[in-house]
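For the sequence shown, the positions run -18 to -1, 1 to 752 when mature numbering (1 follows the signal peptide of the UniProt record, and there is no 0) is used. Built from N, CA and C at the ideal position, the CB exists for glycine as well. Data first, discussion second: the structure below is written as structure tokens.
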Amino acid sequence: MASSLALLFLGLLGSTCALPPPRISFLLNSPERPLVHFSLTDVSNTTTLLLSNDSSTLYVGARNAILLLNVSRSDVISLRSKVTWSPSQTDTRDCVNKGQDPEGDCQNFVHVVQRVNSTHLYVCGSNAYNPQQAFIDMELSVVQQDKARGRCPFSPFERSAAVIIDQELFAATTTDFQGKKPQISRFLSKDGRPDISLDSISLLQEPRFVSVSLDPAGQKLYFFFSEIEKEFSFVDKLQIPRVAQVCKDDVGGQRILQKKWTSFAKSALLCQPPQQFPFNILEDMFALQPPEGADASETLFYGVFTSQWSRRPESAVCTFKLKGIRDVFAGTFKTLEKETYQLKRTAGRKYLGQCGLSNSSDSELSEVRMSYLTSSNVQPVGPVLVFPEQKYSRVVVMKTTAANSQQYDVLFLLTESGFLHKAVPSDQGLRVVEEIQVFREPQRVKSMILSSSKGLVYVGTSEGVTAVPVARCLSYRSCRQCILARDPLCGWSPTRRTCTGLDGADDDIVQTLEVVTGDECQPAEQILQHKEVFVQLGQVVTLQCMKPSNLAALTWTSTDAADLSNQTFIQAADGSLRFLASAGTFGSYQCQAVEGGVREVVASYAVRSAFGPRHLSKVNQDPASPGPEERSVGTEEPTVIPASGAAQNETFITTGSDPEERVTQAKGDAFSVQEIVPTSRKDSRSMTNPAEEVPTQRSYHSELVVVSLLLAACVLILVLGAVRVWRWQRAGSGSDRLPSADDGTRTNASLEIHSLSGPEDAGPDQTIIL
């Protein structure tokens, strides 16, 4: 029995289906996916973000500073003003004396930046483990400062939730130095109302708050968090995701629950795929407002969850509807019995979880105090989206209208490793359209905010603020790549022959978000030019081909070589094709990318003999390869690797970055002029643009000069030596013997000269002694 349960447990842990990887990946600072980054050398931990109503100003809470950034332009982030807000020397000294790190902990980390009215902001910072609040005007002039216990955390790294509504502050955080006393409170209460807080800190068990949202119709606020579940006994602490409600205008009871919430209640959020354990740790929650004119009950809450039981990185996204949350808090509750300290379902208490209980009887308020947990859980709407091998920490969502007038939700999910994933749920399943790297080092604290009007996602980290465009349609260079992306924000314009955004797009925009057949693109839009490569016999040829997406598979075809699968050809893991140049391997080669059953030629080469007659003619386009004038999907420049013993100085490859560029090639004594039409593009996923590197023509002029000078010197020495021998013989007595030391005469030193004769001279190197 125990073994069966163990197998069931392991089966549930490992039952998640694999999700395809992101279709396209862009590394940080990729030219194909440009980002806008802002940072200051003396400012760090820019992690609290607030966007103005007109999306032209971004207020940033940082370490010891508050920044006002101008984001009126989508391509520039500039500093408008800055205020320094550091802890006093006394606060810093007290923090250090309590055992905290002076640099990492005993600084003022701004946790809360909220708009009070049209002229002032409210800010709250950790202030060296002694929270402090301030009111500043919109130009960042400090107006007032005060202590702020219970308004924001003591710790720089503790998450909290706070919002200002009608100039009143609602905050969920801890209220002590050790972070063990959680509280949900209302401060800055107006109209003579008292500030309100929870009746007991035991109502929350080690909560980790992530966000807060207002229900304007119900005049309620919902706080989202995870906490430890005390109802069950586990070896490990069982965590459970929660949503808690309070009424905005709650004033407490008259005798019981004075200055305490009479409307506080909490419920569990269920995010559980079929046949799996639930994802029980809430990482983030985003409220997506319904379209203008729609009922507020249609508001959607997108939550990112992880699991304490996962053996590997894994996340899930669950969607909850405001109507479902309202229904749960309008239902029955569980009451805590003092005798057994157990929760039991109660019925017939319709006042539980309702607003306006300030005049209720003492017995009713006593019942409210003991009945704060709902009997039902909040169920998700739609399927549970599971992301294996990914651990997400933040989420924002935007709604967009596609070319077919249907609305789609686009999710932007931030991973712990620094990548922003753009995901689109549809009837065909979940797909991750692209991933963009926004930071390299893991971030302990980060935040994310969306500007739908500007089409930007702002990410705040310790490294600065980064603006990420929600789409970069121009990165798709062909019609098929634009369609295969199935990005609801992008479509192909046949008139402009480019992939473009849908804002103000042409009426004939081509877009398919479900099943792509490849017939959506016209043949005339798929033009691809040949790239000619001239090589010598016996040389190793490498034809490069880059995958246009992570989901594509590459295959090579040739009209001249019947079988590319034999040992003559090597199809490398990087997609390139390698072979030895021979009479049987000259010809045309095409690299095709296959994705979802759709084929597209992404690279085309014509391998020619360096001494053939076509080497002296222009590059001809292969009629069997029709396709567009636009540059093809990224392929690297072909390279020719000389084989052992081959003459390396006689093989060149022409390339150009402009169709009008003409390059002269040297082939021994023959020269040819070619007009080059580039087919490769610069791609963040490929090497550097090959069109930027034009091979230098090799010259033998310097070698010829050196050899000529050496030959002339040798001839001159031979002539001078012969003259001197002749003179000695004429002056002597006719003897053939040279004078020696024994004769008492002077002996000449010998001069050794090596012969420069060719192979036809059979004799050895000659030595002439003068």
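Between the C-alpha atoms of Leu1 and Cys455, what's the straight-line distance to the nearest angstrom?
-> 24 Å
Grouping DSSP H, G and I as helix and E and B as strand, with all else coil, what is Ala695?
-> Here Ala695 sits in helix by DSSP.
Taking the DSSP output, what are the residues bridged to His19?
-> Thr448
Trp291 by DSSP, collapsed to three states: which one?
-> coil
Is Arg422 closer than 7 Å to Phe139 when the C-beta atoms are compared?
-> no
According to DSSP, is Glu319 helix, strand or coil?
-> coil
Check whether the segment 552 to 571 touches the segment 519 to 531, counting contact only when three or more Cβ pairs, one atom from each stretch, lie closer than 8 Å.
-> yes
Helix, strand or coil: how does DSSP classify Leu185 here?
-> helix
Straight-line Cα distance separating Ile418 from Lys316 | If you draw a straight line from the Cα of Lys316 to the Cα of Ile418, it comes to about 46 Å.
Would you list the one or two residues that DSSP bridges to Val580?
-> In the DSSP output, where bridge partners are listed per residue, Val580 has Glu577.
To the nearest angstrom, how far is it from the Cα of Ala110 to the Cα of Val360?
-> 39 Å
Rounded to a whole number of angstroms, what is the C-alpha to C-alpha distance between Thr443 and Lys241?
-> 38 Å
For the beta strand (DSSP E) that Ile48 lies in, which residues bound it at each end?
-> 47 to 52
Check whether Asn540 and Tyr571 have beta carbons under 7 Å apart = Here the sequence assigns Ser to residue 540, which means Asn is not the residue at that position. The Cβ atoms of Ser540 and Tyr571 lie closer than 7 Å to each other.
Cα separation between Ser614 and Leu510?
-> Since pLDDT at Ser614 reaches only 36, below the 50 mark, its modelled position is unreliable, and the value read off the structure follows with that caveat. Cα to Cα, Ser614 sits roughly 6 Å from Leu510.
Would you tell me roughly how many angstroms separate the C-alpha atoms of Leu180 and Val94, rounded to the nearest one?
-> 21 Å
Among the residues of its own chain, which have a CB less than 8 Å from the CB of Ile59, if the five just before and after it don't count?
-> Val18, His19, Phe20, Leu40, Leu51, Asn52, Val53, Val447, Ala449
Which full runs of the beta strand (DSSP E) of 3+ residues lie inside the segment 57 to 130, going along the chain?
-> 60 to 66, 92 to 97, 102 to 107, 114 to 119, 124 to 129
Can you tell me whether DSSP reads Met430 as helix, strand or coil?
-> strand
So, is Gly473 buried or exposed, given that buried needs 16 or more other C-beta atoms within 10 angstroms?
-> buried
Distance, Cα to Cα, Lys513 vs Ile6?
-> 26 Å
With DSSP run on the structure shown, which of helix, strand or coil describes Leu1?
-> Annotated three-state conformation of Leu1 is coil, per DSSP.
Going by CA-CA distance only, name the one from Lys332, Asp173, Ile183, Val705 that's closest to Lys163.
-> Ile183
In terms of residue numbering, what span does the beta strand (DSSP E) encompassing Asp266 cover?
-> 263 to 270
Cβ of Ser292 within 7 Å of Cβ of Tyr374?
-> no
Specify the secondary structure class of Arg706 as computed by DSSP and reduced to three states.
-> helix
Nonlocal neighbours in the same chain, by C-beta distance under 6 Å from Asp173, ignoring five residues either side = none
Does the beta-carbon distance from Lys428 to Thr29 come in below 7 Å?
-> yes
List the whole-angstrom C-beta distance separating Phe191 from Ser142, where the pair is believed to meet the contact cut-off of C-beta under 8 Å.
-> 5 Å
Tell me whether Lys332 is buried or exposed, calling it buried when 16 or more other Cβ atoms sit within 10 Å of its Cβ.
-> exposed
With burial defined as no fewer than 16 other Cβ atoms inside 10 Å of the residue's Cβ, what is the status of Arg303: buried or exposed?
-> According to the sequence as given, residue 303 is Lys; it is not Arg. Under this definition Lys303 is a buried residue.
What does His512 pair with, by DSSP beta-bridge criteria?
-> Its beta-bridge partners do not exist; DSSP assigns none.
Is the beta carbon of Glu188 less than 7 Å from the beta carbon of Ile210?
-> yes
Roughly how many angstroms separate the alpha carbons of Gln149 and Asn46, rounded to a whole number?
-> Gln149 and Asn46 have their alpha carbons spaced roughly 25 Å apart.
Distance, Cα to Cα, Val589 vs Gly437?
-> 46 Å
Considering only C-alpha positions, which residue in the set Gln254, Pro272, Ala312 is nearest to Phe287?
-> Gln254
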